[in-house]
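Under this note's numbering, think of the first position of the sequence shown as 5, with each following residue one higher. Every residue gets a Cβ at the ideal spot worked out from N, C-alpha and C, and that includes glycine.
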Amino acid sequence: MRPPPNPAWHGPVPWPARLTFGPPCCTLPTLDLHAFVARHQGLLQQERAEEIAQQERLLRTRSEAELEQRGVLLRRLEFADLEPGLGGALHATLQQSRGGSLPPHRFAPGDVVAVDATDGTAVCNGVVASIRHDRVVVAIDDRDDLDLPSLVRLRRLVPDVTFRRMHEALQRLLRPIEPERRRYFDACFLQRDPEFSPQRRLEAPIDESLDESQKAAVLHALAADHIALIHGPPGTGKTTAVVEVIRQAVARGESVLASAPSNVAVDNLAERLLQKGLRIVRIGQPVRVLPAVVAQSLAVQVHEAPEQKLLRDVRHELRELNRKWLRASRSDRFELKREQRRLRAELRTLENAIVQGLLDTADVVLATTTGCGDALLSDRRFDLVVLDEAAQALEAASWMPLLLGNRAVLAGDHCQLPPTVHSDEAAKGGLATTLFERIANSPSGKLATRMLTTQYRMHERIQEWSNATFYGGKLVPAESVRSHRLTDLPATIETDATKDPLLFLDTAGCGCDESEGDDDGSRHNQGEAAVVSKHVQQLLEAGVRADQIAVVTPYSAQVRLLRDRLGGIEGLEIGTVDGLQGREKEAVVLSLVRSNERGEVGFLSELRRLNVALTRARRHLCVVGDSATLAQHEDIAVLVDVLQQRGEHRSAWGMA
Ligand SMILES: Nc1ncnc2c1ncn2[C@@H]1O[C@H](COP(=O)(O)OP(=O)(O)OP(=O)(O)O)[C@@H](O)[C@H]1O
Ligand SMILES: [Mg+2]
5 MRPPPNPAWH GPVPWPARLT FGPPCCTLPT LDLHAFVARH QGLLQQERAE
55 EIAQQERLLR TRSEAELEQR GVLLRRLEFA DLEPGLGGAL HATLQQSRGG
105 SLPPHRFAPG DVVAVDATDG TAVCNGVVAS IRHDRVVVAI DDRDDLDLPS
155 LVRLRRLVPD VTFRRMHEAL QRLLRPIEPE RRRYFDACFL QRDPEFSPQR
205 RLEAPIDESL DESQKAAVLH ALAADHIALI HGPPGTGKTT AVVEVIRQAV
255 ARGESVLASA PSNVAVDNLA ERLLQKGLRI VRIGQPVRVL PAVVAQSLAV
305 QVHEAPEQKL LRDVRHELRE LNRKWLRASR SDRFELKREQ RRLRAELRTL
355 ENAIVQGLLD TADVVLATTT GCGDALLSDR RFDLVVLDEA AQALEAASWM
405 PLLLGNRAVL AGDHCQLPPT VHSDEAAKGG LATTLFERIA NSPSGKLATR
455 MLTTQYRMHE RIQEWSNATF YGGKLVPAES VRSHRLTDLP ATIETDATKD
505 PLLFLDTAGC GCDESEGDDD GSRHNQGEAA VVSKHVQQLL EAGVRADQIA
555 VVTPYSAQVR LLRDRLGGIE GLEIGTVDGL QGREKEAVVL SLVRSNERGE
605 VGFLSELRRL NVALTRARRH LCVVGDSATL AQHEDIAVLV DVLQQRGEHR
655 SAWGMA
């Protein structure tokens, strides 16, 4: 018989809930897994409906050029090839009619897309099968009445694959669990305290460059029988510690799956694991074009496998058959399709054997949380699953990797960016509460958690606001970074732009007004963009390299404006705060955008986003903002105060 349902899984009570039901002697809440899964799936549906509604609003109100700039539309594409694909699908290869690379976009394999004629008439829907810098392959239904125009455009529909896989992962939680994994799942659901076996020996000497608390966190994670958490403020070495956990697990001969919710965070892990000499396979598309990481991607490794010759032969045969198919009469096509199916099955078997062989021999398999839901991993079990940036992953997303493991190590910080949730209702209903957060905040979860408090990134001035606001003053800068400055870097000279670790360029009274909000809430500020550009120029003139600088802003409209102005500077990174989570730069220029008489600060009031924005810089943080607007918000007034009192406070007058 199932235990009585705990109201915590039904009502808008956030995880973790203290028990109200369950056996009288038990101090842990009793979980009704069916109710939990049903509730979470409902919340995901709500979230998806809201995301679709937002996208439709965008499409209705934007010009084609704006949509292309936002990366959700590719215009003027022509068919370069048309190949019969699996299950009666047609694989259409599209490229720019003028040739050359596709513009920057947000299309990815697995995305559902609409194929329209250039006048906007709908032709059909399809799924992106693969994408390269200059072409995109779309699988479309090969209907008899399909009439393809010579020029088309592709519209990205709200991605489906992530939702579908999260749904499936939740569903899989309801399947019977192997007895040896029971305790692991119970610990994740706070049904039992996590256990540790500290007597386990290390097979490799521990990395001596780690500090004592990092070493303790690594040993704690390695001793975990079920689950361990590494929690710490920005720059305290959480990723550094999990990399050491992985290295030690590999030395023990364990299989390891390493994951994170974003491609950038997975690439970040991949890069650091490569530096440790580990053999990795990166599933999915690496987004940062780091040659070292790209070379480790599964697609490239499959391409370079010795068995490729065999694959090439089958592909060649298939291509010949496809050409015949294009010219064949309808009656001949039937027979040709049968032959195609046979060859495709052969190709799939061959490819699968290569892929599984590569996964077998890798020390570490890496994928985003969504990538972990890929069918090619579904039958695998890993001794250890590591999830970095775990506080940014939805509960259902975290389960995609966790379901593949026998035990797990999660690293993160729930004072930094939470997962994006579009639907306020779903967020209120509990969707925004992450697995990491609910374990970290639970009484039994305290046993699982180790905290890191020495940071190795920021000058002490840079960390001050974050430390006081989020970490109760416990964050300590390591001696090596406490007073490091841009001017300590080779070739960087001391100027007004480089001498201060914390600089506030105040636009109050400078006429730098924000724009009206877009219908998706995004704003820009021309005046601030000019101030940012000038400061970046001054940093470059003082000898700071472009790749040591990041320009960040919470607003995507401001990112576009800044890219227009500064996009030509090679190596300079310009992006939203969200894209820089988990990463760092020597110098960061932050544009806060909001400047109005009403004192409206919009989503700057999500202080966890500001926490990420203000903790990416190692030696120099320049904040550009309007103190008169910002100081009207109670919490942000504290930041303005810190910037004015502890930083170098200058008016931006004359820079805009
Ligand atoms: N013990 C150490 N000695 C010297 N440098 C260190 C040490 N630990 C970490 N670092 C350095 O500190 C910086 C931040 O480390 P890391 O990225 O691992 O922190 P994090 O906690 O994962 O940060 P975030 O919260 O932004 O993800 C990196 O440059 C890293 O190389
Ligand atoms: Mg990190």
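Return yes when the C-beta of residue i is under 6 Å from any heavy atom of ligand 1, and no when it is not.
i: T580; result: no
i: Y475; result: no
i: D492; result: no
i: R461; result: yes
i: L277; result: no
i: G651; result: no
Please look up how many angstroms separate the CB atoms of residue i and residue j, rounded, as I've assumed it's under 8 Å.
i: Q509; j: H539; result: Here the sequence assigns Leu to residue 509, which means Gln is not the residue at that position. 7 Å between Cβ atoms; contact.
i: L4; j: L94; result: Because the chain spans 5 through 660 in this model, residue 4 falls outside it and cannot be assessed.
i: V318; j: L351; result: 5 Å
i: F167; j: R43; result: The pair is not a contact, with the Cβ atoms about 16 Å apart (cut-off 8 Å).
i: L177; j: W403; result: 7 Å
i: V117; j: R160; result: 6 Å
i: H171; j: Q45; result: 6 Å
i: D417; j: G236; result: 6 Å
i: I234; j: L398; result: 20 Å between Cβ atoms; not a contact.
Answer yes or no: the CB of residue i versus the heavy atoms of ligand 2, is any distance below 6 Å?
i: G281; result: no
i: T374; result: no
i: K450; result: no
i: K242; result: yes
i: G239; result: no
i: G586; result: yes
Nearest to residue i by alpha carbon, out of the options?
i: G575; options: L261, L490 and R567; result: R567
i: C376; options: F111, S263 and L618; result: S263
i: Y460; options: A245, P108, S154 and T166; result: A245
i: A282; options: A269, V297, G288 and V268; result: Inspection of the sequence shows that residue 282 is occupied by Leu rather than by Ala. The candidate whose alpha carbon is nearest that of L282 is V297.
i: E638; options: D215, A220 and L611; result: L611
i: N672; options: A228, G449, P447 and D392; result: With the chain represented from 5 up to 660, any question about residue 672 goes unanswered, as that position is not in the structure.
i: S101; options: R74, V117, Q300 and R139; result: R139
i: F189; options: P108, L37, K242 and D504; result: L37
i: L363; options: L398, E184 and Q300; result: Q300
i: P108; options: A69, Q649 and L406; result: A69
i: N529; options: S599, S487, Q585 and V548; result: S599
i: T491; options: R384, D378 and R549; result: R549
i: V413; options: P198, R64, A208 and V627; result: P198
i: S201; options: A232, P310 and L421; result: A232
i: R345; options: S335, G361, W469 and L325; result: L325
i: V254; options: T496, N129 and L226; result: L226
i: P447; options: K219, E60, C192 and L214; result: C192
i: A394; options: K313, R61, F474 and K242; result: K242
i: P163; options: I466, V485 and V76; result: V76
i: R204; options: R179, R185, Q252 and I181; result: Q252
i: T125; options: L158, R569, Q636 and R327; result: L158
i: P209; options: I181, E182, E343 and V249; result: V249
May I have the straight-line CA-CA distance separating residue i from residue j, to the nearest angstrom?
i: V247; j: D151; result: 52 Å
i: D645; j: S595; result: 17 Å
i: L451; j: G104; result: 55 Å
i: L35; j: E588; result: 40 Å
i: R454; j: L223; result: 10 Å
i: A57; j: I135; result: 26 Å
i: A561; j: E54; result: 21 Å
i: R256; j: L391; result: 19 Å
i: T374; j: R169; result: 7 Å
i: L627; j: T557; result: Here the sequence assigns Val to residue 627, which means Leu is not the residue at that position. Going from the Cα of V627 to the Cα of T557 covers about 10 Å.
i: S631; j: V563; result: 21 Å
i: R654; j: D271; result: 37 Å
i: D123; j: P238; result: 49 Å
i: P27; j: L194; result: Reliability of the predicted coordinates at P27 is poor, the pLDDT of 34 falling under 50, and the value obtained from them is presented with this limitation in mind. Cα to Cα, P27 sits roughly 15 Å from L194.
i: I578; j: V41; result: 39 Å
i: D115; j: A269; result: 21 Å
When you measure from the CB of residue i to every non-hydrogen atom of ligand 4, does any distance come out below 6 Å?
i: L214; result: Summarising the ligand content, the structure contains ligand 1 and ligand 2 and does not contain ligand 4.
What are the start and end residues of each continuous alpha helix (DSSP H) run of 4 or more residues lying completely inside the segment 32–104, in chain order? Taken in chain order, the whole alpha helix (DSSP H) runs of length 4 or more contained in the segment 32–104 are 37–65 and 68–73.
In chain order, which alpha helix (DSSP H) runs of at least 4 residues are fully inside the segment 573–637? Segments of the alpha helix (DSSP H) lying fully in the segment 573–637: 581–584, 611–617 and 631–634.
Can you give, in chain order, each stretch of the alpha helix (DSSP H) that sits fully within the segment 485–556 and has at least 4 residues? Unbroken alpha helix (DSSP H) runs of no fewer than 4 residues, entirely contained in the segment 485–556, are found at 530–545, following chain order.
At 3 residues or longer, what runs of the beta strand (DSSP E) sit wholly inside the segment 347–418? Runs found: 368–372, 388–391 and 412–416.
Write down every uninterrupted run of the beta strand (DSSP E) in the segment 411–472 whose length is 3 residues or greater and which is fully enclosed by it, in chain order. Every beta strand (DSSP E) of 3 residues or more that sits fully in the segment 411–472 is shown, in chain order, as 412–416 and 453–455.
Output the residue ranges of the alpha helix (DSSP H) runs that lie fully inside the segment 272–323 and measure 4 residues or longer, sorted by chain position. Residue ranges of uninterrupted alpha helix (DSSP H) with 4 or more members, entirely inside the segment 272–323 and ordered along the chain, are 295–299 and 302–308.
Quick check on the DSSP output: what are the complete alpha helix (DSSP H) runs of length 4 or more inside the segment 155–208, in order along the chain? The qualifying runs are 165–176 and 183–192.
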